[in-house]
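Asker: Chains A and B supply the protein sequences, listed in that same order.
When the count follows my numbering, it moves up by one through the first sequence with no breaks and lands on 196 for the last residue.
When the count follows my numbering, it moves up by one through the second sequence with no breaks and lands on 325 for the last residue.
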Amino acid sequence: MDYAELSDKELASLAGQRRQAAFGELLRRYQRPIFSLVFRMVRDRSLAEDLAQEAFIRAFGAIGSYDPRYKFSSWIFKIANNHTIDHLRKRKLDTVSIHGSPHARTAREEEETRIVVESGGESPQEYVEHKELGSQIEHAIGKLRPEYRTAILLRHVEGYPYDEIAEIMELPLGTVKTYLHRARSELKEHLAHLAQ
Amino acid sequence: MLDNDDFSTGFPAEMNRHLTAQQIQALLDGQLSDGEFADAQEHVVFCARCHADLEAWQLLYAELGGLAEIGPSSDFAARVLEHLPPQEEAVSWRQRVRSWIAVRGRGAMEHLSPVRLQDYIEGLVPARQVARIEAHLSGCTACRSDVAAWQGLFEGLGTLQSMEPAEGFYERVMAQHRVLQLIEAWEPAAARISAFARVKRLMPRTRRAWAAVAGLAMPPLTIGSVLLFEVFSNPALTPAYLASFLSWKVAELGTALGSALMDGVVESAAAFQVYAVVDFLSGSPLIALAGAVVFAALSASAAWILYANLFHSRRTEHPYAQASI
Ligand SMILES: [Zn+2]
Ligand SMILES: [Zn+2]
């Protein structure tokens with residue numbers, strides 16, 4: 001059987017029967033996009049590889065729970081994105097955070113008005129990463145909050161339509177649109193700032 | 001409210017000619033020539049009345065939108081609007097629509113919002129609204145330069161490439177995956193069944209098995225019984241004597257062990273700590289006995305786990321057991 005010819009869904013079903021070659025083909029297809037997303041989310045190559053690996057292992061371990069009514073790409077991106085966001089949230093506890101606006105009525109408002117100060121300075125390793133993600137646009141993307149970053153990357157690197165992004169991020173379509181609009185506004189401002 | 005009919009002068013003469021209903025429809029249907037389109041666009045940008053008219057037509061189009069193919073021709077819409085009798089109700093309906101449009105129209109005339117511009121560049125704006133946006137852009141340098149900035153951003157985002165993980169990533173993931181599948185397959189099936197079922201599972205099931213177990217158990221049981229009988233048939237030996245004898249023996253063992261350790265590795269701090277524990281235990285035989293019991297229990301359970309893993313899970317209903325080994 002030539003696995004490269006099969007669709008994602010066919011491969012997922014074969015993987016559900018513990019066919020190693022099916023897992024291999026799925027990994028071959030998605031390692032690059034998944035790694036890219038995670039890498040741009042955490043901006044640290046080796047951490048990104050660890051997280052991407054964990055995401056694949058999780059997905060493969062739970063292949064039986066994949067529902068073929070949905071796209072396989074959405075499913076695997078959802079797992080990788082959730083795993084990465086979880087990691088970023090945990091790490092956020094380690095960074096100094098200035099609390100959100102005292103006028104915030106909901107947790108969400110507080111979240112939106114909060115400023116996170118990451119520890120400054122750049123290690124040699126970070127310097128290498130910045131060479132890789134060093135363009136102004138990459139830098140600006142790095143400044144976005146994680147949810148905006150995911151939306152932007154899925155839209156503009158992977159080229160997913162809005163509805164699939166909504167599926168991956170488990171958000172209503174309208175929220176995804178808002179995220180993208182706000183994210184791009186922030187990017188534009190940031191780039192204008194850099195250009196000055 | 002805009003005073004539509006009081007159209008001020010100060011425009012080139014040809015620009016004073018308002019757009020007819022036919023022209024507006026042709027514009028919306030995309031049937032104007034480029035030159036006509038440019039003229040109409042230029043007029044609409046400066047003429048609040050025609051702008052409002054255009055908005056009203058767009059609204060009508062939008063409402064008829066879903067029915068476009070099978071619905072009334074745009075001619076029908078024209079007749080509806082042209083021949084509206086000047087009744088109170090009809091006029092107020094028209095005015096309501098117009099005032100609504102005027103408010104929104106003024107908003108649109110102000111400047112294009114970032115959301116609108118982004119949707120426009122991404123091609124998410126319906127074709128009918130594109131004309132309106134382009135009409136605004138043709139007359140507004142601020143929005144035009146804003147569009148250029150947005151386009152720059154979209155181009156920048158378009159240059160982003162996906163990146164390759166380091167060499168060996170594929171192999172690492174597959175290796176970990178295989179190991180995990182193996183572990184999953186070997187994971188004791190017993191973990192999923194109740195303790196009672198586990199005990200039941202360990203019980204011999206056939207008469208032959210019972211016979212084998214009985215046969216195996218017979219020698220130690222017999223020897224044990226004989227020894228017990230011998231010990232307790234001796235009138236000098238009461239259970240209390242036996243207990244004190246045993247505790248004395250354990251204590252002696254502890255002391256012997258302790259001194260052996262002392263002789264051997266007394267210099268090391270860890271050895272000294274071990275010695276301290278043993279010393280303490282030899283001083284309290286009951287604790288030593290309890291320790292021995294715990295140790296025996298642990299050994300027994302370890303042996304059982306080994307047994308369950310090595311011999312039991314192979315032929316269970318565990319779904320992965322057959323598949324991957
Ligand atoms: Zn006019
Ligand atoms: Zn404008």
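Positions of the beta carbon are idealized from the N, C-alpha and C atoms, including for glycine.
#1: Quick one: measure Cβ to Cβ for residue 187(A) and residue 140(A), integer angstroms, because I've assumed they're closer than 8 Å.
#2: For the stretch 80-92 of chain A against the stretch 53-61 of chain A, are there 3 or more C-beta pairs whose distance is under 8 Å?
#3: With DSSP run on the structure shown, which of helix, strand or coil describes residue 187(A)?
#4: Starting from residue 185(B) and walking both ways along the alpha helix (DSSP H), at which residues does that stretch end?
#5: Residues of chain B with CB under 8 Å from residue 53(A), in chain order?
#6: Measuring only the C-alpha atoms, how far is residue 33(B) from residue 42(B)?
#7: Since residue 137(A) and residue 117(B) should fall inside the 8 Å C-beta cutoff, what is the C-beta to C-beta distance between them, to a whole number of angstroms?
#8: Go to residue 34(A), then tell me how far its alpha helix (DSSP H) extends in each direction, as first and last residue.
#9: Mind checking if residue 63(A) is an interface residue toward chain B, Cβ cutoff 8 Å exclusive?
#10: Are the CB atoms of residue 285(B) and residue 247(B) nearer to each other than 8 Å?
#11: Just mark residue 193(A) as buried or exposed, buried being the case when its beta carbon has 16 or more other beta carbons within 10 Å.
#12: Rounded to whole angstroms, what's the CA-CA distance from residue 242(B) to residue 227(B)? Just pull it up for me.
#13: I want to know whether the stretch 146-159 of chain B touches the stretch 43-56 of chain B - three or more CB-CB distances under 8 Å.
#14: Where does residue 119(B) land, buried or exposed, given buried means 16+ other C-beta within 10 angstroms?
#15: Return helix, strand or coil for residue 140(B), following the three-state DSSP convention.
#16: So does the stretch 173-188 of chain B actually touch the stretch 19-36 of chain A, counting three or more Cβ pairs closer than 8 Å?
#17: State the start and end residues of the unbroken alpha helix (DSSP H) segment that holds residue 27(B).
#18: I need the straight-line Cα distance from residue 40(A) to residue 140(B), nearest angstrom please.
#19: Return the CA-CA distance between residue 212(B) and residue 294(B), expressed in angstroms with no decimal places.
#20: If you drop the 5 nearest sequence neighbours on each side, which residues of the same chain put their C-beta closer than 8 Å to that of residue 147(A)?
#21: Any beta carbon from chain B within less than 8 Å of residue 83(A)'s own beta carbon?
#22: Cα separation between residue 182(A) and residue 113(B)?
#23: With distances taken from CA atoms, which of 132(A), 5(A) and 79(A) is nearest residue 44(A)?
#24: How far does the alpha helix (DSSP H) with residue 54(A) in it reach, from first residue to last?
#25: Tell me which residues share the same chain as residue 142(A) and place their Cβ nearer than 6 Å to its Cβ, disregarding the 5 neighbours each side in the sequence.
#26: Ordered along the chain, which non-local residues of its own chain (more than five positions away) have a Cβ less than 8 Å from that of residue 155(A)?
#27: Residue 162(B) and residue 157(A) - do their beta-carbons sit closer together than 8 Å?
#28: For the putative contact between residue 165(B) and residue 35(A), defined by C-beta atoms under 8 Å, what is the C-beta separation to the nearest angstrom?
#29: Give a yes or no on whether the C-beta atoms belonging to residue 330(B) and residue 44(B) are separated by under 8 Å.
#30: Out of 31(A), 190(A), 11(A) and 28(A), point me to the one whose CA is closest to residue 68(A)'s CA.
#31: Do residue 254(B) and residue 299(B) count as a contact pair if the criterion is CB distance below 8 Å?
#32: Is it the case that the Cβ atoms of residue 27(B) and residue 40(B) are separated by a distance below 8 Å?
#33: Cα-Cα, which of 160(A), 17(A), 6(A) and 173(A) is closest to residue 74(A)?
#34: Whole angstroms is fine: what's the gap from residue 23(B)'s alpha carbon to residue 37(B)'s?
#35: Output the distance between the C-alpha atoms of residue 1(A) and residue 124(B), rounded to the nearest integer angstrom.
Answerer: So, from the listed chains and residues:
#1: 5 Å
#2: yes
#3: helix
#4: 169-186
#5: 169, 172, 173 and 176
#6: 14 Å
#7: The Cβ separation is near 18 Å, so there is no contact.
#8: 20-42
#9: no
#10: yes
#11: exposed
#12: 13 Å
#13: no
#14: buried
#15: coil
#16: yes
#17: 21-28
#18: 37 Å
#19: 28 Å
#20: 85, 169 and 179
#21: no
#22: 12 Å
#23: 132(A)
#24: 45-61
#25: 43
#26: 162, 165 and 180
#27: yes
#28: 4 Å
#29: Not covered by the structure: residue 330(B). The range shown for chain B is 1 to 325.
#30: 11(A)
#31: no
#32: yes
#33: 160(A)
#34: 9 Å
#35: 42 Å
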